[in-house]
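FYI, the numbering for the sequence shown is 28 to 195, going by this note's numbering. Below: the structure, in structure tokens.
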Amino acid sequence: MSKRTHIRLTVGAQRFNHRIAGLAFRDGHVLVHRAVHEPFWTFPGGTAEIGETSEGTLKREMMEELGLNVTVSRLLWTVENFFHYEQRDWHELGFYYLMEIPPEFPFRPHEIVHRVEDGDNHLEFKWVAATRTALTALDIPPYFIAQEIENLPAAPRHLVWRDGNLDD
């Protein structure tokens with residue numbers, strides 16, 4: 028991997044991160060991923076690079092992680108999320124987009140459908156039912172998305188959210 032300038036700032040035990048993620052749906056399911064060392068799942072994406080648009084970040088991350096060109100659709104949420112994770116206090120600015128994944132990407136609900144090594148992270152991807160119950164059970168931050176997954180906003184929403192302690 029090339030050396031990059033990510034939009035991430037660490038000061039003591041505090042960290043600021045600019046994260047871009049996408050929600051891809053297929054047959055009533057949404058694609059999620061996790062770093063295998065983490066206890067929770069989240070929506071695929073990554074940290075923006077300086078000089079890169081949020082749409083460009085999502086396309087780059089999906090090419091790196093899935094080897095696919097995705098179509099980035101509309102912005103769903105802009106989220107200022109505050110949480111504690113890995114013994115740090117995080118302030119994350121997140122952009123969450125609707126995205127389309129090409130049909131050749133595997134669809135086998137409830138199984139790991141893709142694995143990749145991304146730097147120090149070993150990532151795994153799977154499809155999960157796009158329901159409040161399923162996302163809540165799987166522990167997917169930011170947690171407000173589980174409440175809205177069955178009724179996506181018609182226009183972009185801005186939220187200030189506090190996910191709390193993710194180390195628990």
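For each residue, glycine too, the CB sits at the ideal point set by N, CA and C. All values reported here derive from a predicted model rather than from experimental measurement.
Asked: Supposed close pair Asp190, Phe110 - CB separation, criterion 8 Å; Found: 4 Å
Asked: Cα-Cα separation between Ala156 and Glu79, rounded to whole angstroms; Found: 32 Å
Asked: Segment contact flag, the stretch 51-68 with the stretch 140-155, C-beta cutoff 8 Å, min 3 pairs; Found: yes
Asked: Met89 beta carbon less than 8 Å from that of Pro202; Found: A query on residue 202 cannot be resolved here, the shown segment of the chain reaching from 28 to 195 and no further.
Asked: Minimum C-alpha distance to Glu92 - residue among Glu138, Glu119, Ile128 and Arg115; Found: Ile128
Asked: Neighbourhood of Gln114 by C-beta distance below 6 Å, restricted to the same chain and skipping five residues each side; Found: none
Asked: Gly73 vs Thr84 beta-carbon contact at 8 Å; Found: yes
Asked: Alpha carbon of Asp116 to alpha carbon of Arg42, nearest angstrom; Found: 6 Å
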